[in-house]
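126 is the number that numbering that gives the first Met the number 0 gives to position 127 of the sequence shown; each next residue is one higher, with no gaps. Where is the CB? At the ideal position from N, CA and C, for every residue including glycine. Notes follow once the structure below has been shown.
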Amino acid sequence: MVGPDQLKEVLGNNYSMQVFGIVPLDRDLYRIETDQGFKRLVRVQRKASRIRFSHSVIEALKDQGEEKLPVLTLTKTDEPYFKLENSNWIVLDWVNGRKPDLNKIQDIEQITRDLAKLHKNMNGVLPKGGSKVREKWDHWSKDVLHDLKFFKLFIAKIEKESSYSDFEEMILKNNEMIIQRLQQAKSLAYSKKCQKLIKKERKELGMIYQRINEKDLLFGFDGRIYFINPLWISYDVRVKDLGKWMERLIKKRPSLGKDIDQVVTWYEEERELNLGEKNWLLAFIIYPTKIMKVIERYYLHKKSWPEEGFVRKLRKALKVAEKEMEVYERLLIKFEGKVEL
């Protein structure tokens with residue numbers, strides 16, 4: 000483990016700023032006091048090319064007036080990172096604030112609105128030299144197609160067995176529901192409107208923040224939401240962030256239930272969704288994400304985990320799937336006549 004004294008010396012060697020003190024906050028996270036104000040020091044599991052891309056995006060958005068992403072401090076050699084103990088480290092602007100509270104509807108509304116505002120600027124940025132990021136605009140659609148084929152093969156394999164485990168019996172019992180949802184997700188994802196959206200996002204170089212989680216957001220004391228983990232920014236369909244945010248709320252705030260479509264209303268008051276994005280969002284919500292993750296883990300690692308553990312995980316995933324279906328049906332009503340089914 001790296002100690003404060005070693006970090007202070009390394010920072011002094013790599014940066015022009017003067018470091019007065021270092022306070023550990025969490026694993027691989029420190030607050031440092033400098034002659035340029037407070038900063039966040041983080042050990043990150045990201046490649047240098049990925050860090051350079053994120054830095055170029057942040058700088059480009061900053062030039063457009065976007066201030067919800069923390070700026071990376073450059074080293075003496077103009078790099079947005081330094082290496083220590085076979086890891087990459089970054090120094091970012093410090094933001095005073097608190098973690099969002101998903102029990103507060105006001106926090107949920109603010110995150111949604113600020114996410115929509117961020118998306119208005121999240122396009123048109125080309126990677127600078129030394130940075131490279133995979134293009135993911137159509138990856139999720141291909142994943143849905145792959146998972147539908149995989150699930151059918153998985154069911155066929157189970158049905159050939161002479162006896163079933165408890166986990167396999169639960170899968171067979173819910174087989175029809177899972178197949179229907181996978182097929183509906185595929186139909187929506189490959190609809191003309193959705194495929195047109197993907198082409199549009201690719202042309203416009205659409206990007207997403209990707210890490211829609213309370214620990215990756217900060218409610219600033221100035222009343223704005225800050226997106227404090229920008230190293231996961233990727234080229235992708237922007238509405239995916241909204242889908243991941245709603246997915247998070249379904250899991251953490253199941254009581255939100257009938258009111259969750261209000262999240263879409265808040266988003267659209269800041270950035271209107273086009274027809275392709277509505278198709279894409281419906282596909283993302285009806286796709287049984289948690290169920291498929293448990294099935295894949297069972298298929299690949301069945302011997303490394305007790306059967307009861309898989310059964311417990313699947314039972315929880317099925318409950319989440321029920322909530323997802325409720326949200327999907329409410330969105331169908333909200334988008335009535337505007338989606339391809």
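Between which two residues does the alpha helix (DSSP H) holding aspartate 4 run? 3-13
Suppose the cutoff is 6 Å on Cβ atoms and the five residues either side in sequence are ignored; what does the same chain contact list for arginine 97 look like? Phe218
Which runs of the beta strand (DSSP E) fall wholly inside the region 195-246 and span at least 3 residues, in chain order? 216-219 and 224-226
Contact the region 64-80 vs the region 113-121: 3+ CB pairs below 8 Å: yes
Taking 7 Å as the limit between beta carbons, can you name the residues of its chain near proline 99, skipping five residues before and five after? Asp106, Ile110, Glu213, Leu216 and Phe218
Just to confirm my understanding: we take glutamate 276, look at its own chain, exclude 5 residues before and 5 after, and list those with CB closer than 7 Å. What are they? Leu196 and Val238
Using C-beta distances below 6 Å, list every residue in its chain close to phenylalanine 19, excluding the 5 sequence neighbours before and after it, in chain order. Glu32
Rounded separation between tyrosine 266 and proline 79 - CA only: 32 Å
If you follow the alpha helix (DSSP H) that lysine 67 is part of, which residue opens it and which one closes it? Where lysine 67 is concerned, there is no enclosing alpha helix (DSSP H), given that its DSSP letter is neither H nor E.
Grouping DSSP H, G and I as helix and E and B as strand, with all else coil, what is glutamate 78? coil
For tryptophan 136, does the count of other Cβ atoms within 10 angstroms reach 16, so buried, or fall short, so exposed? buried
Simplified DSSP state of leucine 313, which is helix, strand or coil: helix
Assigned secondary structure, arginine 26 (DSSP; H/G/I helix, E/B strand, else coil): coil
For lysine 38, which three-state DSSP category applies? strand
Applying the 10 Å Cβ sphere with the 16-neighbour rule, what's the burial state of glutamate 321? exposed
Counting pairs of Cβ atoms below 8 Å between the region 119-136 and the region 219-235, do you hit three or more? These segments touch.
Within the chosen definition, does the region 120-131 reach the region 43-53 through at least 3 CB pairs nearer than 8 Å? In short, these stretches touch, since the Cβ pair count reaches three.
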